[in-house]
Amino acid sequence: MSKKEVKSVNYGLEKIFEGAQDFLPLLGTDYVEFYVGNAKQAAHFYKTAFGFQSLAYKGLETGSKDSVSYVLVQDKIRLVLTTPLTSKSKINDHIVKHGDGVKVIALWVDDARSAFEETTKRGAKVYLEPTVEEDEFGEIVKAGIYTYGETVHMFVERKNYKGTFMPGFKKWESDYNPTPVGLKYIDHMVGNVGWNQMDVWVKWYEEVMGFENFLSFDDKQIHTEYSALMSKVMSNGNGRIKFPINEPAKAAKKSQIEEYLDFYEGAGVQHIAVATDDIIETVSQLKARGIEFLPPPPQAYYDDIPNRLGEHRDMMKEDIGKLQELSIMIDADEEGYLLQIFTKPLEDRPTLFFEIIQRMGAKGFGAGNFKALFESIEREQAKRGTL
Ligand code: FE2
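Convert by adding 370 to the 1-based position in the sequence shown; the result is the number in the numbering used here.
See the structure below:
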């Protein structure tokens, strides 16, 4: 990892925990697992459209009789796409209820047993007791706890493992290898929770996981003419893991969070934000490969960019016309600026979507874009008849 990247993912948040013992040291995101209806086709989509590479596979050929999983990689991001093979698999229940979506946010740890012990003694609900999996490349220790909804945090200890991904998987060699689009690592993952549940989960991340509430936005800041939401950003001790938590707020029409909760049938992951060093190139590639993004904010938004950038105006390298052409949004805070764009939902249910983000020093989440962004989402909701 280059010096610049270390700076961009750490955010100086170590200071929050100075002097305090971090009882849950997290090294990073290990993988994100989706339960999907047809993993073979989903894998093709994430390779073709998002430039992920084939990494590992588990299925009938490897002795897995119950489910199939495809592991995809792009720089530090690993996605696992899993489908049940029989009607008896419990994975079906998840898909029937939620549609395709994120089941597991796996966290890379040095000691999975300790992570499990520390979090369960603080009240975490058990998903998987510490389990050792072995093959000729060594061993992995896994342990899981539930977070919001049916979503799981899996602690993954891989310091004694040299294989491609995990025991049970074989290396996936494919003749079809579309080029990557420049996605580097997961910047943050956002959870949507129900009415009056945001603070419950903020407290859960504080008490059970030792996270800090690093930024908050109330419904006065995040609202449009029609709808509103509230959001609090939780961060772990070294700042590598950031989980904003959203809940709907009362307004004239239906909050986009409520629409999500209706269609996901409960709390779950709303979006995965992935970082790039060159958003113009990444988004140009994604568009050429068929990814649909939210429509652009109005002309006035782009006309106002020099004002919004303030003192960071001179450091901006990107051409505003080019950003507008690609519908990329821009926001600034005291430390710099950021560029971001949001895909439309990637499933037929209006649930999970991706954000592409390029940080140029800014540590925020694009609060200055919320209004323009949500107006754009509402135009999409209106088309679906769910506003
Ligand atoms: Fe985001």
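Ideal Cβ placement from N, Cα and C applies to all residues, glycine included. Nothing here was measured: the structure is a model prediction, and the numbers come from that model.
With 16 other Cβ atoms within 10 Å as the buried cut-off, status of residue i
i           : result
residue 430 : exposed
residue 728 : buried
residue 389 : At residue 389, the pLDDT of 43 sits below 50, so the modelled position is not reliable and the matter cannot be decided from this model.
residue 557 : buried
residue 685 : exposed
residue 640 : buried
residue 437 : buried
residue 528 : buried
residue 479 : buried
residue 594 : buried
residue 428 : buried
residue 773 : With the chain running from 371 to 757 in the structure shown, residue 773 is simply not present.
residue 474 : buried
residue 748 : buried
residue 384 : Residue placement at residue 384 is flagged as unreliable, the pLDDT there being 47, under the threshold of 50; a coordinate-derived value is accordingly withheld.
residue 644 : buried
residue 344 : Since the first residue of the chain shown is 371 and the last is 757, residue 344 is not available in this structure.
residue 676 : exposed
residue 605 : buried
residue 457 : exposed
residue 755 : exposed
residue 530 : exposed
residue 746 : buried
residue 504 : exposed
residue 691 : exposed
residue 588 : exposed
Of the residues the options, the one placed nearest residue i, counting alpha carbons only
i           : options               : result
residue 422 : 435, 672, 450 and 398 : 450
residue 552 : 652, 582 and 539      : 652
residue 426 : 456, 670, 537 and 700 : 537
residue 719 : 416, 741, 576 and 471 : 471
residue 626 : 662, 736 and 741      : 741
residue 402 : 526, 681 and 581      : 526
residue 664 : 751, 395 and 580      : 751
residue 680 : 662, 706, 457 and 697 : 706
residue 579 : 567, 550, 489 and 738 : 489
residue 618 : 631, 606 and 432      : 631
residue 392 : 636, 607, 696 and 721 : 607
residue 696 : 508, 442, 716 and 661 : 661
residue 744 : 688, 678 and 591      : 591
residue 500 : 485, 506 and 654      : 485
residue 672 : 414, 583, 693 and 506 : 693
Reduced DSSP secondary structure (H/G/I, E/B, other) of residue i
i           : result
residue 706 : strand
residue 689 : coil
residue 749 : helix
residue 377 : Because residue 377 carries a pLDDT of 34, less than 50, the predicted location of this residue cannot be relied on, and the following value inherits that uncertainty. Helix.
residue 489 : helix
residue 739 : helix
residue 597 : coil
residue 575 : helix
residue 552 : coil
residue 394 : coil
residue 695 : helix
residue 683 : helix
residue 454 : strand
residue 498 : strand
residue 389 : No answer about residue 389 holds up, because its pLDDT of 43 lies below 50 and its placement is not dependable.
residue 473 : strand
residue 712 : strand
residue 402 : strand
residue 661 : coil
residue 700 : strand
residue 757 : coil
residue 630 : helix
residue 534 : coil
DSSP bridge partner residues for residue i (one or two, in chain order)
i           : result
residue 638 : 562
residue 527 : 479 and 511
residue 602 : 586 and 615
residue 427 : 440 and 540
residue 516 : 522
residue 717 : Partner(s): none; residue 717 has no beta bridge.
residue 643 : 558 and 725
residue 568 : None, per the DSSP bridge assignment.
residue 503 : 510
residue 448 : 443
residue 731 : 707
**Request:** Determine contact between the segment 484-502 and the segment 456-470, defined as no fewer than three beta-carbon pairs at a distance below 8 Å.
**Result:** The segment 484-502, when compared against the segment 456-470, does not touch it at the 8 Å Cβ threshold.
**Prompt:** Can we say the segment 594-604 touches the segment 544-551, given the rule of at least three CB pairs closer than 8 Å?
**Reply:** Result no; under three Cβ-Cβ pairs closer than 8 Å.
**Asked** Hey, which residues come within less than 5 Å of the ligand ATP, measuring from Cβ to any heavy atom, in chain order?
**Response** You won't find the ligand ATP in this model; what it holds is the ligand FE2.
**Request:** Would you check if there are 3 or more beta carbon pairs closer than 8 Å linking the segment 451-463 to the segment 409-420?
**Result:** Yes, they touch.
**Request:** Specify whether the segment 500-520 and the segment 557-575 touch according to this definition: at least 3 beta carbon pairs, one from each stretch, less than 8 Å apart.
**Result:** Cβ pair count under 8 Å is three or more, so yes.
**Message:** With a threshold of 8 Å, are at least 3 pairs of Cβ atoms found where one atom belongs to the segment 609-622 and the other to the segment 567-586?
**Reply:** Flag = yes, the segment 609-622 and the segment 567-586 touch.
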